[in-house]
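Following: one structure in structure tokens, then a few remarks.
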Amino acid sequence: MAFVKYLFILLFINSVLQFTYGQPQIKHFRDDYKYLEGTSSFYKIHTIQKTWEQAKKRCALEGATLFYPEDQNEVDVVLAHLKETQPMYAWIFVGISSKLAKGVFTTVDGVAIRHIYNRWGHGEPNDANGEEDCVILRKEGTYNDEKCSNKFPFICKKTLQSLKWNEECNTPYLDYKYNVDLGRCYKFHLHPLTWREAVEACDAEQAYLAIINSQQEASHLVNITASAPKDKVQGWYLRGAVHLGFNYDTTEEDWRTTTGETLEQAGYAMWGNYQPDGGESERCGSMFYNGHLNDIGCEGHKCFFICEKENELLSLFDDRFGI
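In full-length UniProt numbering, the protein residues as written are 1 to 323.
Have a look at this one:
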């Protein structure tokens with residue numbers, strides 16, 4: 001029966017996707033990205049200002065890159081879009097820096113600045129106090145070098161040519177896998193992060209840190225964890241646990257999911273032996289590889305983690321056909 005449902009779902013998705021946004025030919029990446037015909041690319045203006053490294057990281061988490069202009073046409077198109085939507089911004093960080101070698105400016109993907117748009121403001125770059133290794137683009141279209149630790153708005157970019165689509169999960173993130181019995185998609189992240197960093201990483205993919213709602217879902221997460229090539233990952237991180245979407249609510253004085261439910265309300269509260277045991281030093285949630293819950297530090301422990309996302313198309317299918 002599960003196979004039959006899965007087959008029907010795939011057929012349904014394929015038919016619906018012919019008329020929805022989830023295909024490159026429809027020119028849709030994410031709802032928060034704007035497609036600009038003049039450059040055949042998608043852009044997102046981030047209004048929460050970040051350091052250069054934070055901006056680069058956020059774009060990468062979203063499956064995009066920190067924008068830099070390739071030519072005069074892209075400067076004109078993107079700055080016109082910026083002026084139209086965020087006219088108060090006089091400059092933005094761009095994906096150019098001299099962090100690898102002082103005075104040698106390259107893009108985030110390793111292209112020398114001489115091979116792309118290369119118009120500096122008067123007297124720039126000047127590397128004031130020897131501290132300016134990152135680059136901003138002014139609204140008039142000129143570059144200026146800036147301290148990387150300063151915070152500015154920035155733009156993430158995704159080219160139409162690079163866009164691929166995960167039809168099972170109706171998302172541009174290809175590593176999500178659909179589970180037909182649970183009706184959700186999951187991704188096991190093999191790059192260990194702290195709990196708070198994991199929350200950000202899932203959110204950047206328009207998902208959330210996985211929440212267990214049943215024993216069946218716990219078993220599925222155990223299976224995902226068991227099959228992931230964890231042993232190939234080197235470096236320092238806490239082995240034996242994966243971050244999940246719950247933490248200790250100090251106001252309610254109870255463990256709750258990131259959606260505000262108690263673990264019992266969510267449907268799963270099976271703690272490991274003698275857990276939780278960390279007190280104030282371990283206020284965030286994880287799962288042992290056997291599926292039992294564990295408390296963990298929110299900042300100090302890096303672990304693997306699992307992101308979960310809904311699929312609106314599949315929810316529509318289930319609601320319409322009752323399968």
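No residue lacks a Cβ here, since even glycine has one placed at the ideal position from N, Cα and C.
In this text the structure is predicted, and so the values were computed from the model without any measurement.
Counting only runs that start and end inside the UniProt domain "C-type lectin" (43-157), the alpha helix (DSSP H) elements of at least 4 residues fall at 52-61 and 72-85. By the Cβ rule, the segment 154-163 does not count as touching the segment 176-191, because fewer than three pairs are nearer than 8 Å. Secondary structure of lysine 302 (DSSP, three-state): coil. At a Cβ-Cβ threshold of 8 Å, phenylalanine 42 and isoleucine 92 do not count as neighbours.
Around the beta carbon of histidine 220, 16 or more other beta carbons lie within 10 angstroms, which makes this residue buried.
In terms of CA proximity to isoleucine 116, Tyr143 leads the group Leu182, Tyr143, Glu132 and Ala90. The beta-carbon distance between cysteine 307 and tyrosine 208, rounded to whole angstroms, is 7 Å. This is short enough to meet the 8 Å contact definition. Per DSSP, leucine 244 is not a residue of any alpha helix (DSSP H); the beta strand (DSSP E) it occupies stretches across 241-249. Taking valine 75 as the centre and dropping the five residues before and after it, the same chain places the C-beta of Pro69, Tyr117 and Gly141 closer than 6 Å to its C-beta, in chain order.
Rounded to whole angstroms, the separation of the alpha carbons of glycine 240 and isoleucine 296 is 12 Å. Taking a cut-off of 8 Å on C-beta distances, the segment 219-233 touches the segment 185-196, as three or more cross pairs fall below it.
Judged by beta-carbon spacing, threonine 262 lies beyond the 8 Å limit of isoleucine 211, meaning their Cβ atoms are not closer than that value. CA-to-CA, the gap between lysine 34 and aspartate 277 works out to about 47 Å. For arginine 184, the enclosing beta strand (DSSP E) stretches over residues 184-193. Comparing C-alpha distances from phenylalanine 304 to each of Arg256, Glu124 and Arg196 shows the shortest one belongs to Arg196.
Annotation: aspartate 32 to glycine 279 spans about 39 Å, alpha carbon to alpha carbon. DSSP places leucine 293 in the uninterrupted beta strand (DSSP E) bounded by 293-296.
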